[in-house]
Amino acid sequence: MEEEEEGAELTDNERMVFDLLKELGRGGEVRLDDLESYVRRRELSMENVMEAVRSLLEKGVIYEPVVGVYKII
10 MEEEEEGAEL TDNERMVFDL LKELGRGGEV RLDDLESYVR RRELSMENVM EAVRSLLEKG
70 VIYEPVVGVY KII
């Protein structure tokens, strides 16, 4: 879902994580361990990624149907 539809402005980190969830999930769910593996391979900051995940959860852009599994709304 585009952030304009949500009425929410996304930071650069949030946008990167949103796009990453879209790519990894291919419209489905993304498991935390898959996200961590991707972040490690790309040498990204897991702390920054998880901060963006928490923010996206708070904004209602993604949800966590099961602990450690994320899905775009």
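For the record, in the sequence shown the residue sitting at position 1 is 10 according to our numbering, with numbers rising by one throughout. Note that beta-carbon positions come from the ideal geometry of N, C-alpha and C, so glycine has one too.
- Between residue 65 and residue 23, the C-beta gap is smaller than 8 Å, which places the two residues in contact.
- For residue 45, there is no enclosing beta strand (DSSP E); the enclosing alpha helix (DSSP H) covers residues 41-50.
- Counting C-beta atoms within 10 angstroms of its own C-beta, residue 62 has 16 or more neighbours from the protein chains shown and is therefore classed as buried.
- For residue 70, there is no enclosing beta strand (DSSP E), as DSSP gives it neither H nor E.
- As the crow flies, the alpha-carbon of residue 77 is around 17 Å from that of residue 49.
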